[in-house]
Amino acid sequence: MLKNNNSDNKSHESNLAFDDVNRYQLKSSMTSIQHDSDDVAGIEFLCQLQPGILLRIVDCSVSVKKQAVTRRQVATPAHTLVLNFKLAGENIVSLADDNSDAIKAVLKAMQKAKGVDSFVVRERSLWVSYSKDALMAVDEMHNQKKYLLVQLMCDPKVLCKAPFDLQPDQLPHCIASVVNGQEFMMADFTLTDELMQALYILLKSDTSDPYCRAFLQAKTVELMCLALRNVSQQERQQEQSHISEKEREQMSKAGQLLIQNLQAPPTQEALVQTLGIGKSRLKRCFKALYGCSITDYILNARVQQARQLLTQGRLNVTQVAMEVGYEHVGNFTTMFKRQLGITPKAFQLMHTGPDKR
32 MLKNNNSDNK
42 SHESNLAFDD
52 VNRYQLKSSM
62 TSIQHDSDDV
72 AGIEFLCQLQ
82 PGILLRIVDC
92 SVSVKKQAVT
102 RRQVATPAHT
112 LVLNFKLAGE
122 NIVSLADDNS
132 DAIKAVLKAM
142 QKAKGVDSFV
152 VRERSLWVSY
162 SKDALMAVDE
172 MHNQKKYLLV
182 QLMCDPKVLC
192 KAPFDLQPDQ
202 LPHCIASVVN
212 GQEFMMADFT
222 LTDELMQALY
232 ILLKSDTSDP
242 YCRAFLQAKT
252 VELMCLALRN
262 VSQQERQQEQ
272 SHISEKEREQ
282 MSKAGQLLIQ
292 NLQAPPTQEA
302 LVQTLGIGKS
312 RLKRCFKALY
322 GCSITDYILN
332 ARVQQARQLL
342 TQGRLNVTQV
352 AMEVGYEHVG
362 NFTTMFKRQL
372 GITPKAFQLM
382 HTGPDKR
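One point on numbering: in the numbering used here, the residue at position 335 of the sequence shown is 366, and numbering is uninterrupted.
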């Protein structure tokens with residue numbers, strides 16, 4: 032757990048109930064809550080150093096002396112995307128009675144589809160959830176002593192702004208669905224070794240260190256990026272298992288058509304007509320097999336071809352821009368620099384020298 036201190040820029044509270052959403056209205060950039068009750072003892076830490084993203088850590092010991100099962104209600108604010116990283120303990124989450132009718136209806140449909148009325152959150156699990164309305168859940172723990180959870184909480188639209196600047200089709204499907212208007216979502220995944228390592232490095236932080244604020248801000252962004260990649264990769268694996276051989280052949284042809292026509296690539300509507308596949312299915316199968324959207328696939332291919340042409344040195348920057356499908360060299364330069372961090376002219380000079388510009 033984060034090493035604590037009593038600095039002036041941190042507020043302190045005691046035994047704030049887990050169903051009290053006031054904990055998310057931080058009085059300072061960092062808040063610690065000490066828990067010392069009959070069934071739960073430990074520390075809860077919240078901070079918002081990266082604008083729009085709340086980092087929350089719950090590190091508690093659960094008493095099992097008086098009863099084998101410990102239950103408590105847990106509240107999540109409305110319009111909040113939550114990424115739950117479970118590092119220790121196992122708990123069962125179910126819907127509390129005092130939720131909106133809309134949430135109850137959605138959960139009932141999900142429960143009917145899966146044949147369960149609760150969800151088990153195990154160690155090394157990554158749960159992603161969103162609700163348009165405030166959500167109240169029941170957290171139930173059986174015969175355990177350790178509970179360690181890290182959370183990232185934000186409005187999903189934060190991911191479409193700096194420093195992430197992601198388009199909806201670049202996000203994992205489960206998160207893109209809420210950016211596009213879905214009112215409730217819940218999905219579970221498994222933490223990768225890379226993400227586990229990053230989480231444990233975070234937990235070793237010392238908040239008394241003068242560099243800790245900058246470190247926690249950077250770590251919040253890193254954890255979000257690693258989690259998004261984690262979820263995207265596992266979604267791809269799940270999706271690939273449901274792609275037929277015919278669809279694989281269609282996606283292979285789609286990739287070929289795009290590469291062969293980089294100057295004027297076929298639109299998604301044209302691909303739908305050519306391949307004989309639905310548009311939504313085209314987008315999902317393509318992303319699952321290629322690891323990116325059709326738009327990003329075209330962009331990546333153009334960058335790769337531009338790099339080759341610039342390195343060869345036979346064409347100037349304007350000619351290269353035309354070769355890869357850009358009518359205006361300014362748009363090409365902006366795209367190239369955004370992708371590689373260097374202008375195409377500087378890139379060419381670096382690889383060919385001034386005599387071949």
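We treat Cβ as the ideally placed atom computed from N, Cα and C, and that holds for glycine.
{"Check": "Please give the ranges of any beta strand (DSSP E) in the stretch 164-218, keeping only runs that are unbroken, at least 3 residues long and fully inside the region.", "Outcome": "166-173, 177-185"}
{"Check": "So what's Gln65 in DSSP terms, helix, strand or just coil?", "Outcome": "strand"}
{"Check": "In the DSSP assignment, find the unbroken beta strand (DSSP E) run with Arg87 in it and report its ends.", "Outcome": "84-93"}
{"Check": "Got a sec, what are the start and stop residues for the alpha helix (DSSP H) Thr251 sits in?", "Outcome": "243-271"}
{"Check": "Taking its Cβ as the centre, do 16 or more other Cβ atoms sit within 10 Å of Lys314, making it buried, or is it exposed?", "Outcome": "buried"}
{"Check": "Quick check on Asp224: does DSSP put it in helix, strand or coil?", "Outcome": "helix"}
{"Check": "Should Ile325 go down as buried or exposed, given a rule of 16 or more other Cβ atoms within 10 Å for buried?", "Outcome": "buried"}
{"Check": "Please return the same chain residues whose Cβ sits closer than 6 Å to the Cβ of Ser131, not counting the five positions on each side in sequence.", "Outcome": "Asp164"}
{"Check": "I'd like to check one pair, Ser263 with Pro194: are the Cβ atoms closer than 8 Å?", "Outcome": "no"}
{"Check": "What is the rounded straight-line gap between the Cα of Lys284 and the Cα of Pro297?", "Outcome": "12 Å"}
{"Check": "CB-CB under 7 Å to Ala352, same chain, minus the five flanking residues each way: which ones, in chain order?", "Outcome": "Val360, Phe363"}
{"Check": "Throw me the rounded Cβ distance for the Leu57 and Leu80 pair, which I believe falls under 8 Å.", "Outcome": "With 8 Å as the limit, Leu57 and Leu80 do not qualify as a contact, their Cβ atoms being about 10 Å apart."}
{"Check": "Quick one: what does DSSP say Ser283 is sitting in, helix, strand or coil?", "Outcome": "helix"}
{"Check": "Roughly how far, in whole angstroms, is the beta-carbon of Glu75 from the beta-carbon of Ser63, given that I think they are within contact range, below 8 Å?", "Outcome": "7 Å"}
{"Check": "Please identify the residue among Ile290, Leu166, Gln299, Gly384 whose C-alpha is closest to the C-alpha of Val113.", "Outcome": "Leu166"}
{"Check": "With distances taken from CA atoms, which of Met255, Arg312, Tyr328 is nearest Val189?", "Outcome": "Met255"}
{"Check": "Leu467 bridges to which residues according to DSSP?", "Outcome": "Summary: the structure shown does not reach residue 467, with the chain confined to residues 32 through 388, and so no result is reported for it."}
{"Check": "Given a cut-off of 8 Å on the beta-carbon distance, is the pair Phe49 and Arg102 in contact?", "Outcome": "no"}
{"Check": "On a Cα-Cα basis, can you pick out the residue from Thr342, Asp327, Lys376 that is closest to Thr349?", "Outcome": "Lys376"}
{"Check": "Quick check on Ile325: does DSSP put it in helix, strand or coil?", "Outcome": "helix"}
{"Check": "Opposite Ser239 in the DSSP bridges: which residues?", "Outcome": "Paired residues: none, contrary to the question."}
{"Check": "For the stretch 320-334 against the stretch 286-297, do three or more pairs of beta-carbon atoms, one drawn from each stretch, fall closer than 8 Å, so that the two count as touching?", "Outcome": "yes"}
{"Check": "Looking only at C-alpha atoms, which of Glu300, Ile290, Thr305, Gln265 sits nearest to Gln281?", "Outcome": "Thr305"}
{"Check": "With distances taken from CA atoms, which of Asp67, Phe150, Lys176 is nearest Asp170?", "Outcome": "Phe150"}
{"Check": "Using CA atoms only, rank isn't needed, just tell me which of Gln65, Pro108, Cys316, Asp90 is closest to Lys235.", "Outcome": "Asp90"}
{"Check": "With a Cβ-Cβ cutoff of 8 Å, do Leu157 and Phe215 count as a contact?", "Outcome": "no"}
{"Check": "Tell me where the beta strand (DSSP E) around Ala72 begins and ends.", "Outcome": "71-78"}
{"Check": "Between the Cα of Gln291 and the Cα atoms of Gln271, Gln336, Arg345, which residue gives the shortest distance?", "Outcome": "Gln336"}
{"Check": "If you draw a straight line from the alpha carbon of Gly384 to that of Leu371, how long is it in whole angstroms?", "Outcome": "19 Å"}
{"Check": "Looking only at its own chain, which residues have a Cβ that is under 8 Å from the Cβ of Arg153, when we skip the five neighbours before and after it?", "Outcome": "Lys117, Glu121"}
{"Check": "With a cut-off of 8 Å on the beta carbons, I'd call Gln65 and Ser94 a contact; round off their distance for me.", "Outcome": "About 16 Å separates the two Cβ atoms, so there is no contact after all."}
{"Check": "State the CB to CB distance for the pair Leu183 and Ala258, rounded to an integer number of angstroms; the pair is presumed to be in contact (CB under 8 Å).", "Outcome": "7 Å"}
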